[in-house]
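Residue numbers (my numbering): 24 to 127.
What follows is one structure encoded as structure tokens, with my remarks underneath.
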Amino acid sequence: MGWTALLLAGLCEIGFTTCLQLSDGFKKIWPSVFFVVFAIASFQLMSTALETLPLGTVYAVWTGIGAVGTALVGIVYFRESASPLRLGLLAAVVLLIIGLRVIP
């Protein structure tokens, strides 16, 4: 259950960072509302994950999922750079996250 909650927390982090961008400095109401909803959900799910997983692992995986996911949203949705180096470094973060899941 801890890993599932952690994965969902990371996905919610992607949601709240994306909504933060879309909110235009909290000037747009619906992206701002969804920012708050995703942020609360993310922290609640991360808190659930902490019941069974170590703090360092939870935080590293949560930020890794959020960073990679948000970078991919930026590439796909906001037309940010998708250089081979950037994609390679994002892949390295994914491998490190997988390593934290595989290594007890």
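The beta-carbon is built from N, C-alpha and C at its ideal position, and this holds for glycine as well.
Since the model is a prediction, treat every value here as computed from it, not as a measurement.
Check: Between the segment 53-67 and the segment 75-83, are three or more C-beta pairs nearer than 8 Å?
Finding: Touching, no.
Check: Near V116, what residues of its chain come up, given a Cβ to Cβ distance below 8 Å and the 5 sequence neighbours on each side ignored?
Finding: Translated into the one-based positions of the sequence shown, residue 116 becomes position 93. So the list reads G87, A90 and V91, once near-sequence residues are dropped.
Note to self: Residues in the same chain with beta-carbon distance under 7 Å from L31, minus the five sequence neighbours each way, listed in chain order, please.
What the structure shows: Taking the sequence shown and counting its residues from 1, one reaches residue 31 at position 8. Excluding positions up to five away in sequence, the list reads L68.
Notebook entry, point to check: With a CB to CB cut of under 8 Å and the five nearest residues on each side skipped, what residues in its chain are close to T80?
Noted result: Counting from one through the sequence shown, the residue named residue 80 turns up at place 57. Taken in chain order, the residues that qualify are L123.
Item checked: Cut-off 8 Å between Cβ atoms - residues of its own chain near T93, not counting five sequence neighbours on either side -> Counted from its first residue, the sequence shown places residue 93 at position 70. E36, I37, T40 and T41, listed in sequence order.
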